[in-house]
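Engineer:
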Amino acid sequence: MRAHLMQFDVAWEDRDENFRRVDELLDRTDIQSGDLVVLPELFDGGFSLNTSLTADTTGLTASYLQRLADDLDCTVQGARTVFACGGQSSACPLARNEAIVFEPGGACVARYHKVHPFTFGREPEAFEGGNDLAIYAWKQADESLTVCPAICYDLRFPELFRLGLKKGAEVFAIGANWPSTRQSHWRSLLIARAIENQAYVLGVNRTGDDPHLNYVGGSIAIDPKGEILGELRDEVAVLTVDIDPAELRDWREKFPAWRDLRLI
Numbered sequence: 002m003r004a005h006l007m008q009f010d011v012a013w014e015d016r017d018e019n020f021r022r023v024d025e026l027l028d029r030t031d032i033q034s035g036d037l038v039v040l041p042e043l044f045d046g047g048f049s050l051n052t053s054l055t056a057d058t059t060g061l062t063a064s065y066l067q068r069l070a071d072d073l074d075c076t077v078q079g080a081r082t083v084f085a086c087g088g089q090s091s092a093c094p095l096a097r098n099e100a101i102v103f104e105p106g107g108a109c110v111a112r113y114h115k116v117h118p119f120t121f122g123r124e125p126e127a128f129e130g131g132n133d134l135a136i137y138a139w140k141q142a143d144e145s146l147t148v149c150p151a152i153c154y155d156l157r158f159p160e161l162f163r164l165g166l167k168k169g170a171e172v173f174a175i176g177a178n179w180p181s182t183r184q185s186h187w188r189s190l191l192i193a194r195a196i197e198n199q200a201y202v203l204g205v206n207r208t209g210d211d212p213h214l215n216y217v218g219g220s221i222a223i224d225p226k227g228e229i230l231g232e233l234r235d236e237v238a239v240l241t242v243d244i245d246p247a248e249l250r251d252w253r254e255k256f257p258a259w260r261d262l263r264l265i
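For the sequence shown, the numbering used here assigns the number 2 to the initial residue and increments by one for each residue that follows.
#1: Check the DSSP bridge columns for Pro150 and list the partner residues they point to.
#2: Per DSSP, Gln78 forms a beta bridge with which residues?
#3: Roughly how far, in whole angstroms, is the beta-carbon of Asn132 from the beta-carbon of Phe162, given that I think they are within contact range, below 8 Å?
#4: Note down, in chain order, each residue of its chain lying with its Cβ closer than 6 Å to the Cβ of Arg22, except the 5 sequence neighbours on either side.
#5: What does DSSP give as the partner residues of His114 in its beta bridges?
#6: Quick one: what's Val239 bridged to in DSSP?
#7: Three-state secondary structure (DSSP) at Phe20?
#8: Taking only three categories from DSSP, how would you classify Thr208?
#9: Using only the alpha-carbon positions, how far apart do Glu14 and Ile175 sit?
#10: Buried or exposed for Ile265, please, with buried defined as at least 16 other CB atoms from any protein chain shown within 10 angstroms of its CB.
#11: So Gly169 and Ile196 are supposed to be a Cβ contact under 8 Å. How far apart are they, rounded?
#12: Would you tell me roughly how many angstroms separate the C-alpha atoms of His213 and Leu43, rounded to the nearest one?
#13: Under 8 Å by Cβ, that's how I've got Gly204 and Ala238 pegged, so tell me the actual separation to the nearest angstrom.
#14: Among the residues of its own chain, which have a CB less than 6 Å from the CB of Gly231, if the five just before and after it don't count?
#15: Can you name, in chain order, every residue of its own chain whose Cβ lies under 7 Å from the Cβ of Ala127, other than the five neighbours on each side?
#16: First and last residue of the alpha helix (DSSP H) that includes Gln184?
#17: Along the chain, where does the alpha helix (DSSP H) that runs through Trp252 open and close?
#18: Do you know offhand how far Thr59's Cα is from Arg81's?
#19: Out of curiosity, what's the CA-to-CA distance linking Thr30 and Trp187?
#20: In the DSSP assignment, what are the bridge partners of Phe128?
#21: What would DSSP say about Ala222, mapped onto helix, strand or coil?
#22: Where Pro159 and Ile136 are concerned, what is the direct C-alpha to C-alpha distance, given to the nearest angstrom?
#23: Helix, strand or coil for Leu161? Go by DSSP, reduced to three states.
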C-alpha cells in the first residue's frame, strides 16, 4: 500500500489557487489505484479565523476532494472549514475544523472534527472542538488498514491517539499547519505517537508563510517501531511511502505492548 503526503505553500484564503497548487503536485505524482493522499490542515485557505469567508458553505472543497478520489481512483483526506448549520448564524457562531475523507469512486467514508482547537493561536474564537473520533478503512487491492485522522494540535494529546488505538486504528494520518517556532516538537511527537501505539503515523505539514506565521514543512512518515520511512524539509514536494500491513501486524504480535493498555 502507498501513501502520498502533499506538502505545499497554502495560499491565504484562496480556494481556487490552492486547488491549482494541489493539482500541480498531483500531476507530477504517480498515483496508483487505491493509494492514500493526505493534505495539510485547512489546505483550501490556510489557518484563517475569518470563517465566514473560508467556510466551505457551497461544498466546493468537498466536491473537489470527491472528484480527486473518483478521477484518481484513490482515497483522499483533506481538511476544511464548515458550519454545523450550513453557514454562520446566531445559532451557529463557531465553525468546525473538519477532516473529510473520500474513497475511490467518490463516496465519503469519514468526517472528523478537530477535538482540540489551538487556544494559544486563538482558534477557539472561531472554531468549536469536536467530540468524537473517526476511523475509516483504507483499501487497496486485497489489503486494508484502519486509519484514524487527526488535525495539528491534536498531536499534543496522546489520549486521543490511545482512543483511536482502542477503536482499531493501525494508521494515524495527521494534517497540520505547524509553525516553524515549534518544529522540533512536531517531529518528536509524531515519532512518539507511532511508538506508543505501534502504528504507522503520517504527518503532513504545510510550508511557506501566512500573514502571521512561518512554516517549514517537515512532513514525515513513521513505521510502528518509530523508524522514519521518509521525511521532507521545507520544499514543496510529495512524500511517497510504502505501508506494509503485514509488518504492522507482525510487530504487534511479536511485541504486544498495546494489549497492556489500561485507561483508568
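Positions of the beta carbon are idealized from the N, C-alpha and C atoms, including for glycine. On a predicted model such as this, the values are computed, not experimentally measured, just so you know.
Structural biologist: In this structure, then:
#1: Residue 150 sits at position 149 when you count from the first residue of the sequence shown. For Pro150, which the question treats as bridged, DSSP gives the partners Ala174.
#2: What you label residue 78 is simply residue 77 of the sequence shown in a count that begins at 1. Bridge partners of Gln78: Val39, Val102.
#3: Mapped onto the sequence shown, residue 132 falls at position 131. Mapped onto the sequence shown, residue 162 falls at position 161. So it is not a contact: roughly 16 Å between Cβ atoms.
#4: On the sequence shown, residue 22 is found 21 positions in, with the first residue counted as 1. Counting only Cβ-Cβ distances below 6 Å, and skipping sequence neighbours, we find Phe9.
#5: The residue labelled residue 114 in the question sits at position 113 within the sequence shown. Its beta-bridge partners are Glu99.
#6: Residue 239 sits at position 238 when you count from the first residue of the sequence shown. Note: Val239 sits in a beta bridge opposite Met7.
#7: Position 19 of the sequence shown holds residue 20. It is helical.
#8: Numbered from 1 along the sequence shown, position 207 holds the residue referred to as residue 208. Correct three-state label for Thr208: strand.
#9: Along the sequence shown, one-based indexing puts residue 14 at 13. Along the sequence shown, one-based indexing puts residue 175 at 174. Those two C-alpha atoms are separated by around 21 Å.
#10: For the purposes of this step, residue 265 is identified with residue 264 of the sequence shown, where counting begins at 1. By the neighbour-count rule (16 or more Cβ atoms within 10 Å), Ile265 is not buried but exposed.
#11: For the purposes of this step, residue 169 is taken as the residue at position 168 of the sequence shown. For the purposes of this step, residue 196 is taken as the residue at position 195 of the sequence shown. The Cβ separation is near 18 Å, so there is no contact.
#12: Taking the sequence shown and counting its residues from 1, the one referred to as residue 213 is at position 212. Taking the sequence shown and counting its residues from 1, the one referred to as residue 43 is at position 42. Near 15 Å, if we compare the C-alpha coordinates of Leu43 and His213.
#13: Taking the first residue of the sequence shown as position 1, residue 204 is located at position 203. Taking the first residue of the sequence shown as position 1, residue 238 is located at position 237. So it is not a contact: roughly 14 Å between Cβ atoms.
#14: By 1-based counting over the sequence shown, the position of residue 231 is 230. Within the same chain, Gly231 has close Cβ partners Ala222, Leu240, Val242.
#15: Walking along the sequence shown from the start, residue 127 turns up at place 126. Cβ neighbours of Ala127 beyond the five flanking positions: Leu50, Thr52, Leu95, Ala96.
#16: The count along the sequence shown starts at 1 and reaches residue 184 at position 183. Note, Gln184: alpha helix (DSSP H), 184 to 198.
#17: In the sequence shown, counting from the first residue as 1, residue 252 sits at position 251. Per DSSP, Trp252 belongs to the alpha helix (DSSP H) from 246 to 255.
#18: Taking the sequence shown and counting its residues from 1, the one referred to as residue 59 is at position 58. Taking the sequence shown and counting its residues from 1, the one referred to as residue 81 is at position 80. The alpha-carbon atoms of Thr59 and Arg81 are separated by roughly 12 Å.
#19: In the sequence shown, counting from the first residue as 1, residue 30 sits at position 29. In the sequence shown, counting from the first residue as 1, residue 187 sits at position 186. Distance between the alpha carbons of Thr30 and Trp187: 25 Å.
#20: Position 127 of the sequence shown, counted from the start, is the residue given in the question as residue 128. BP columns for Phe128 point to Ala96.
#21: Reading the sequence shown from its first residue, position 221 is the one you call residue 222. Ala222: strand per DSSP, three-state reduction.
#22: Locating residue 159 in the sequence shown gives position 158, where the first residue counts as 1. Locating residue 136 in the sequence shown gives position 135, where the first residue counts as 1. Their Cα atoms are separated by approximately 16 Å.
#23: Looking up residue 161 in the sequence shown gives position 160. Helix.
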